[in-house]
Structure formats: C-alpha cells, structure tokens
Amino acid sequence: MMYDTAMKKDNITIKNTKKIIKEKLDKTPLWVTFIFLTAFFLLCLTFGLSYSNYRWNRNRTIRENIKETTSLLELKIENMEEYLNELSDFCVLPVRDSYLYREILKTKKLNVSELERIMNTLRVYYYTRNDLMAYNIYLLNQDVCIGRNYGNQRMKITEAKSIRSLAEYKSCVESGIGSAITSSQDNSLLTFYHTIIRIPDRYPVALVKIEVDDTALTLGLAEKNIALYKDGGTLLFTNANSDLKYGLSRIGHIPNVDKNNITSINGKKYLFSSASSEKYGISLVAYTPMENITDDIKKDGRFSVMQGLTFLLISLIITYFIIRFLTEPFSILISSHENFGENEFSKINIGRSLEVARLSESFNLMSERMEKLINENLIASINEKSAQLSALEAQVNPHFLYNTLQAIGSEALINDQDVIYEMITKLAQNLRYSIKAPNRVKLREEMIFAQNYIDLQQVRMGDRLVVEKNISDELLDVEVPKCCIQPIIENSIKHGISGERRSIKIKLSAMIYEGQFIIRVSDDGIGMSPNTLAALRASFDDTSFGNRQESIGLANLYSRLKIMYGDDAGIDIKSIAGEGTTVILILCSQEDDNASSVNC
Amino acid sequence: MHQVLIVDDERPVQIAIKKLGEWDRFNIDKTYYAENGREALMIMNEVRPAIVFVDINMPIMSGIELMKKAAETNVNCRFIVISGYDDFSYAQKSIRYGASDYLLKPVVKSELNAAIERVMKDLYPNEVFDAANSSSDFTAEEVAEIIKTTIENNYSDNIRLQDFADKYFFSKEYLSRLFKSINGIGISEYLTEVRMKRAGELLRQPDIKITDIAQRVGYPDKNYFSKAFHSYYNMTPSAYRKEMI
C-alpha cells in the first residue's frame with residue numbers, strides 16, 4: 056500500500072514537473088529556447104571534446120615521452136654497458152702488465168718498497184682516466200689496498216683484511232662477469248668492483264674498486280632526471296634536483312609505478328621510463344616530471360577550450376541572427392492571427408522558410424474564405440433587409456401615403472375631429488422617422504418618436520396606459536441609436552398586459568451613471584418567468600443571421616448597440632413574474648462637459 | 007393686417023393649412039386660394055400676400071416654376087413649400103429658389119405655425135406676434151348660428167349648405183348634424199319652416215300675387231312652391247288665403 060502511495064506520489068510529481076516544464080516552455084520564445092539549448096549542447100560538446108582531447112593528448116604525450124625516453128635510456132644503457140665493459144677492461148689492465156700481474160699473483164708478502172712500486176705503476180692508471188674518482192686495488196694475497204680515494208691527493212697503501220668476506224667481493228665472484236656494482240658516495244656515479252683472476256684456475260687474486268663520476272652517464276642527458284639503480288633496487292646515482300633526489304634516496308629503491316607509468320615521489324608526480332642492463336644488473340630510470348608534460352598539455356587544453364569557446368560564441372551569435380531572421384516572420388503571423396477579423400482581412404506576405412511561407416499562404420486563404428463567408432452572409436443579410444425595406448417602401452409609395460394621410464386628416468378637421476388629425480400627424484412622423492432617421496439621433500428626437508407612439512397608444516388605451524418620464528433637459532442632446540426607446544415601450548405594452556392585467560404603468564428615465572449613459576424603462580406588468588428571461592437574454596448572443604420575428608426587436612437593438620458602441624454597451628433585463636420588468640440600456644460613456652459627443 | 011395665399015391643387019392641404027394656422031396671432035385676416043401657379047400669380051399681383059404656401063407638385067406650373075416666375079416679376083413675398091417628399095434634393099431645390107421653409111405632409115400644426123412665425127417676424131420685425139388667443143376661425147357652433155341667422159334673414163336666397171361648408175371649412179354632414187343637435191331641427195327643415203311662415207304671413211295680404219309670394223320666399227317656381235306649401239300646411243296656398251280672409 057505504501058509502495059503504491061509512493062508510486063502515485065512519484066507519478067503525480069512527474070506529471071506536475073512535466074506540466075511545469077510545458078508551461079514554462081510555452082512562455083519562452085523559440086529563439087531563446089533554441090539558443091539556450093544549442094549553447095548548452097555546444098558547451099557540453101566543447102568541454103567534452105576538449106577534455107577527451109586533453110586526455111588523449113596527455114596519454115599520447117605520455118606514451119611518446121615514455122617511448123622517447125625509453126629509447127634514449129636504452130641507448131644510454133647500451134652506452135653504460137659498453138662503458139662498464141670498458142671499465143671491466145680497465146680494471147683488469149694490470150693483467151696486461153706482466154710485472155704487476157706477477158706481483159699481484161705473489162702469495163708471499165710484499166714489502167713496502169715492492170708495494171710502493173706497485174703503487175707508482177698504478178698511479179699511471181689513475182691518470183689515464185678522467186672519470187676516476189677513486190681507484191683502489193685490493194691485493195687479496197697481501198691483505199693490502201692500494202689506491203686513492205676522492206679527496207685525497209695521493210695514493211695510499213692501506214691494510215685491508217678479510218676482503219674475501221666483503222659482500223662486493225662475493226658479488227663479483229658470484230656474477231658471471233666478475234664484476235659488481237654498488238652505490239657510492241654522492242658525487243660519484245657508482246662503485247665498480249672487478250676481480251682480477253689467476254688465469255689458469257680463475258681464482259681471484261685482486262679486487263679492483265673504482266669510483267667513477269657521472270660523466271659517462273649524464274653526458275647528453277642534461278635535462279632529464281635519471282637515476283641509476285642496481286637490480287634489487289638500490290639507488291646508485293641520480294642527477295635529479297634536490298627535491299626529487301631527496302625523495303628518491305628516501306625511497307631508496309625503484310618506486311612503485313602505476314599502470315600509466317606514473318609514480319609519485321615526495322608528493323610530485325613523475326613519468327617513469329626505464330631501461331636495464333641484464334648483464335650488469337643495473338637499470339636506468341628517467342623521471343620526467345608530469346608537470347613538464349602536463350603543463351604543455353594543459354596549455355594545449357586551455358587553448359583548445361578557449362578556441363572552442365570562441366567558436367561557440369561566434370557560432371551562437373551567428374545562430375542567433377539566423378534563428379531571429381528565420382523566426383521573425385512568426386511575430387507578424389502571430390499578430391495577424393490575434394487581430395484576425397477585427398476589421399479588415401488583410402493579407403500577409405512573409406516567408407524565409409518553407410513552413411512560414413506555407414503558414415502565410417494558408418492564413419491568407421483562411422482570411423479570404425472568412426471574408427468571403429462573412430461578406431456573403433452579411434451582404435446577403437443586408438441585401439435581404441434592404442430588399443424588404445425597399446419592398447416596403449415601394450409598396451407604400453411615400454408620396455401616396457403621406458398625401459392620403461393628409462386627406463384623411465383634413466376630412467377629420469372639417470368634422471371638428473382635431474384629435475384624429477393629431478393622431479394622423481404623429482403616425483406620419485413616426486413612419487418617416489423609422490425609415491429615414493440616421494442610425495444615431497439625439498435623445499430629443501428619439502423622445503418625440505417615443506412620445507408620438509405613446510400618444511397613439513393612449514388614444515387606444517385611455518388611462519390604462521400611464522407613462523411617467525424623468526429625463527432632464529440637458530440629457531436631450533445625448534446621441535442614442537434610433538428606435539432604442541420606442542421598441543422597449545412597445546414590448547412593455549405588448550407583453551406586460553395579459554390575462555387579468557388590463558393596465559400598465561411605465562416609468563421612463565435617463566441618467567449618467569459611472570461614466571455611462573443609462574436609459575431605464577420599467578413597468579409594472581406581468582413580468583417574465585426566470586426561464587423566459589433567460590431565453591430572452593440568450594437570444595441576444597444569437598448572432599445567426601436569421602432571427603425570428605418575436606425576439607427580433609430587442610436582439611436587433613442589442614446588436615446595434617454592440618456594433619455602435621462596442622463591448623461596454625449592452626442591455627440588462629430584470630423581471631419578476633407578476634411584478635414587472637425593467638429594461639436598462641447601457642450606452643457608451645459620455646464626456647461630462649459635452650453631452651453631445653460620444654466618447655467611444 | 008396681412009394676407010396669405012395657399013397654392014395647392016389638393017383641397018385637403020388647403021383645409022389643413024387654413025384650419026391649423028393661428029392667423030389671428032399673426033395679424034393675418036384673409037386667406038386666398040389658388041389651384042395652380044397661373045392663378046397664383048394673378049392673385050399675387052393684386053393682393054401681395056405676405057406668405058405663399060406652395061406645393062411642389064402641381065399641374066400646369068410646378069411650385070418651383072412659380073417661385074422662379076415670382077422672383078422674375080419681383081413679387082415680394084415669402085414662400086413656404088408643402089411637400090409629400092422628404093427627399094433632400096427637393097428641399098435643396100426649394101431653398102435655392104427662394105423658399106423660406108419646407109413642410110412635410112401631413113401638415114403638423116406646431117411646425118406650420120413655427121414656420122409662419124419665423125417668416126412673419128422676419129418680414130415685420132416690429133410687429134408683435136404672441137397673442138395668446140389664437141382662435142381666428144369660426145367654430146362649428148358659430149357657423150351653425152350663422153346658418154341660422156342667414157336662414158332667418160336671407161330665406162329668399164338660394165341657401166346651400168355646401169357653400170357654408172366650403173366657406174368655413176367644415177363638412178356639410180358635420181354642420182348639418184351640429185345644427186340639428188343645437189336647434190332641434192334640420193337645416194333644410196328650418197329653412198322650409200321659415201319660408202312657409204313668411205309665406206303664410208304674405209298670403210294674409212290679399213293683394214300680393216301668389217307667384218310673387220313664391221319668389222319672395224325663395225321659390226322661383228310657383229308650382230314647386232305650391233307643392234311645398236301643401237306639404238307644410240296641408241292645403242294649397244289659395245285655400246290658405248281663403249281660410250285666413
């Protein structure tokens with residue numbers, strides 16, 4: 056149950072969200088959404104591309120760097136091998152010297168002068184090389200070391216016992232090549248041990264220990280951080296700067312490297328490339344600070360992002376203009392639709408895209424059709440009414456009509472029937488007014504018309520008809536539509552008297568209320584039931600062109616009011632069955648100081 | 007005092023204008039009538055009416071033509087046009103040819119008198135035209151009295167009701183009804199009564215011939231007189247004379 060409720064809640068939330076999105080979208084202009092989405096999309100694309108470019112570039116650069124460095128290292132390690140080979144040769148040089156060799160081979164203890172002689176001979180060796188920092192030869196049979204160390208000016212002869220138990224000695228012996236390498240003090244590259252053996256049985260008789268400087272290694276590697284490691288991990292040498300050096304020495308052995316060949320030393324990242332010499336068990340490692348690589352890559356990356364953003368901006372601006380250009384006709388289309396039918400059916404001429412051109416065409420077509428329809432209907436209706444009117448007028452030739460009325464009237468006059476003559480003149484005046492009066496008349500004229508009608512009715516009805524008028528003189532100049540009062544009075548008489556009711560009292564008043572001109576006709580007739588009232592009110596909005604005769608009077612007046620004065624005008628009807636009916640005409644607002652002008 | 011001329015070939019219009027106008031008020035004491043423009047011009051030359059009421063539509067000479075002609079002969083009077091047409095072009099034309107006003111048929115009393123007032127005030131600015139009493143014509147009762155008096159005084163004349171009707175603009179049926187209701191006797195009966203009474207008086211004077219008596223009481227024909235006398239007295243005139251003497 057709770058799950059269902061939760062689901063329902065989610066569904067409702069989703070629905071709400073969709074609704075909100077739709078509402079927001081509906082309020083946003085097309086170009087805004089388009090530009091925004093395009094910008095967003097292009098931005099993501101730009102960043103995405105830049106980032107992937109960056110990573111790819113980075114990886115490639117790293118790979119290339121590694122490759123390049125590794126090649127270099129491999130070359131260098133080859134060099135180192137050759138160098139070490141050459142060092143080996145150097146170490147066993149005494150073998151070439153038959154005197155030295157013999158002396159070395161001697162098991163009997165040599166005296167000082169013999170040792171000094173050896174030393175002097177060896178001294179020559181020392182100076183044959185520029186890269187020697189220390190040269191020592193351990194005469195195993197003599198327990199003596201002759202040599203010169205770094206910092207010392209002269210060669211020395213020192214006692215050296217238990218050389219054979221020296222680890223390095225053992226390494227040399229155990230290695231197939233008779234040499235061993237160990238690390239040495241800071242300045243030198245490495246310490247190279249090589250045994251000198253007795254040829255027949257290969258029994259080591261001397262151990263040469265030399266310390267060489269780093270020239271062999273670092274020549275041509277000036278800018279790279281390299282470190283020389285002995286297999287097993289001991290750091291032999293590094294030309295790195297202090298930070299790295301410190302880090303490397305602290306670690307001591309080859310650091311851990313991740314799968315991207317990146318290692319972290321002392322908080323900094325380095326690219327790791329290496330090459331090894333199997334023969335000598337050494338590895339040459341190059342540490343390329345990631346900074347160097349990534350700096351360039353980052354610069355590239357930044358540049359490409361800037362480039363991307365610039366292009367994005369330019370393309371957005373261009374897109375903006377394009378989209379505005381293309382959607383500009385929409386505003387014309389929109390305003391045409393909004394104003395459609397208001398007075399003219401003007402044609403539009405817009406395009407700039409297939410859809411808009413077609414919309415424009417179909418709008419014009421619709422406009423044409425509508426105009427035609429309305430004209431046909433309207434004109435047909437007007438024609439019909441005009442025809443009716445003409446027929447009416449033609450049937451009753453006014454000349455004949457009015458002359459006959461005059462004759463009837465004069466006959467009444469000579470029979471002393473002045474009242475009849477009055478009736479006839481009023482009838483004639485009203486006939487003329489209905490046909491000839493303009494659409495807008497002064498209230499004064501409409502009141503004459505209404506009063507004539509009332510007088511004629513009063514002759515028929517006597518005191519069964521009472522009319523009270525309450526219209527102040529200054530309102531008589533207000534313009535009203537013709538036949539706006541008389542039909543209402545006619546309706547009051549026609550519909551207000553029925554059955555038991557024989558008489559009717561009608562009150563007629565006019566006033567200006569809240570800026571609008573109001574005419575009020577109220578009677579105490581039989582009134583209308585709510586249904587009849589509702590039906591009557593509904594008939595006002597029936598704008599079909601074929602009104603039935605019964606409601607034509609008020610509905611016609613209503614239409615004329617709306618057409619003449621706009622939406623503010625209207626007819627309000629109140630009625631209570633058995634009590635009476637009040638019809639209120641609301642005409643447009645008048646200017647207070649000049650009642651004869653209509654402020655519409 | 008002033009005069010007016012009504013030019014209209016239709017009697018109803020003449021009746022209407024004559025009966026509706028408040029002539030007393032405007033110091034107008036005589037109304038002339040013409041059936042067409044030619045008659046009108048003749049009367050205008052003699053009488054010089056202040057106002058001429060003219061209908062547009064008339065035979066022989068239209069109202070417009072009349073106005074034109076009047077202008078040519080420089081007759082100084084004001085025209086008020088009466089017309090059944092409320093066509094603007096007619097009104098325009100009328101005004102162009104000098105009409106002071108244009109009234110529509112049927113003539114409305116208030117409009118007629120307003121038009122007359124305007125014209126009279128314009129013609130005679132120094133005269134006063136607002137007398138309250140505007141009954142200038144004889145009422146029907148007065149006409150009945152006139153008839154009675156005429157019968158009593160002029161019984162020897164050929165008295166015809168139609169003449170009174172025409173003169174005073176009442177229908178003869180109406181006058182006849184009215185006379186009878188006032189006097190209890192019909193006009194022709196009264197006339198006969200007066201005549202017969204006089205005849206009786208004259209018959210008592212034996213030297214007047216019966217033929218003369220017949221003439222003197224208004225019967226030109228002696229035989230007809232005898233018949234009428236016999237109807238009234240149940241005896242012939244000679245028998246009556248014989249009786250009285």
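Going line by line, the protein sequences match chains U and F. The opening position of the first sequence corresponds to residue 56 in the numbering used here, with each subsequent residue numbered one higher. The opening position of the second sequence corresponds to residue 7 in the numbering used here, with each subsequent residue numbered one higher. Where is the CB? At the ideal position from N, CA and C, for every residue including glycine. Every value quoted in this text rests on a predicted model; they were computed, and no experiment measured them.
- The beta-carbon distance between residue 203 (chain F) and residue 216 (chain F), rounded to whole angstroms, is 16 Å. This is too long to meet the 8 Å contact definition.
- A distance below 8 Å between beta-carbons, with the five flanking residues on each side excluded, links residue 214 (chain U) to the following residues of its chain, in chain order: 198, 199 and 200.
- Inclusion of residue 39 (chain F) and residue 20 (chain F) in the CB contact set at 8 Å is warranted, their separation being smaller than that value.
- Under a criterion of Cβ atoms nearer than 7 Å, the residues of chain F adjacent to residue 469 (chain U) are, in order, 21, 175, 176, 177 and 180.
- The alpha-carbon separation between residue 195 (chain F) and residue 465 (chain U) amounts to approximately 29 Å.
- Straight-line measurement puts the Cα of residue 488 (chain U) at about 19 Å from the Cα of residue 442 (chain U).
- DSSP places residue 59 (chain F) in the uninterrupted beta strand (DSSP E) bounded by 57 to 61.
- Chain-ordered, the chain F residues with CB closer than 8 Å to the CB of residue 453 (chain U) read 90, 91 and 92.
- In the three-state reduction of the DSSP assignment, residue 186 (chain U) falls in the coil class, being assigned neither a helical nor a strand state.
- With 16 or more other Cβ atoms from the protein chains shown falling within 10 Å of its own Cβ, residue 541 (chain U) counts as buried.
- In the DSSP assignment, residue 211 (chain U) falls within the beta strand (DSSP E) that extends over 211 to 214.
- For the segment 24 to 51 of chain F, the set of positions with a beta-carbon nearer than 8 Å to some beta-carbon of chain U reads 25 and 26 in chain order.
- No Cβ of chain U is located within less than 8 Å of the beta carbon of residue 243 (chain F).
- Between residue 498 (chain U) and the set U:527, U:216, U:514 and U:531, the nearest pair of CA atoms involves U:531.
- Relative to residue 308 (chain U), the option among U:190, U:300 and U:374 whose CA is nearest is U:300.
- When DSSP assignments are scanned along the segment 25 to 56 of chain F, the uninterrupted stretches of alpha helix (DSSP H) that are 4 or more residues long and fall wholly within it turn out to be 43 to 53.
- In this structure, DSSP gives residue 125 (chain F) a helical state, which the three-state scheme calls helix.
- Proximity of residue 114 (chain F) to chain U, defined by a Cβ-Cβ separation below 8 Å, is satisfied.
- When Cβ-Cβ separations below 8 Å define contact, residue 65 (chain F) makes no contact with chain U.
- Among the CB atoms of chain U, one or more fall inside 8 Å of the CB of residue 111 (chain F).
- Pairing residue 56 (chain F) with residue 129 (chain F) gives a Cβ-Cβ distance under 8 Å.
- Listed by position along chain U, the residues whose Cβ is nearer than 8 Å to that of residue 146 (chain F) are 471.
- The DSSP-derived three-state label of residue 394 (chain U) is coil.
- Within the segment 412 to 457 of chain U, no run of beta strand (DSSP E) reaches 3 residues while sitting entirely inside it.
- By alpha-carbon distance to residue 414 (chain U), the top candidate from U:503, U:382, U:590 and U:478 is U:382.
- Close CB contacts of residue 247 (chain F) within its chain, under the 6 Å cut and outside five residues either way in sequence, are with 209 (chain order).
- Proximity of chain F to residue 457 (chain U) at the Cβ level (cut-off 8 Å) is accounted for by 90, 110, 111 and 112, in chain order.
- Within 10 angstroms of the beta-carbon of residue 610 (chain U) lie 16 or more other beta-carbons, which makes it buried.
- Chain order gives the chain F residues near residue 491 (chain U) as 92, where near means a beta carbon separation below 8 Å.
- Here the alpha carbons of residue 233 (chain U) and residue 329 (chain U) stand approximately 25 Å from one another.
- In the three-state DSSP reduction, residue 133 (chain F) falls in the coil class, being neither helix nor strand.
- Neighbours of residue 487 (chain U) in chain F, taken as residues whose beta carbon is under 9 Å from its own, are 92 and 110 in chain order.
- Less than 8 Å divides the Cβ of residue 388 (chain U) from the Cβ of residue 405 (chain U).
- In the DSSP annotation of this structure, the continuous segment of the alpha helix (DSSP H) that includes residue 146 (chain U) starts and ends at 85 to 146.
- Contact check for residue 125 (chain F) and residue 100 (chain F): beta-carbon distance about 14 Å, past the 8 Å limit, so the pair fails to qualify.
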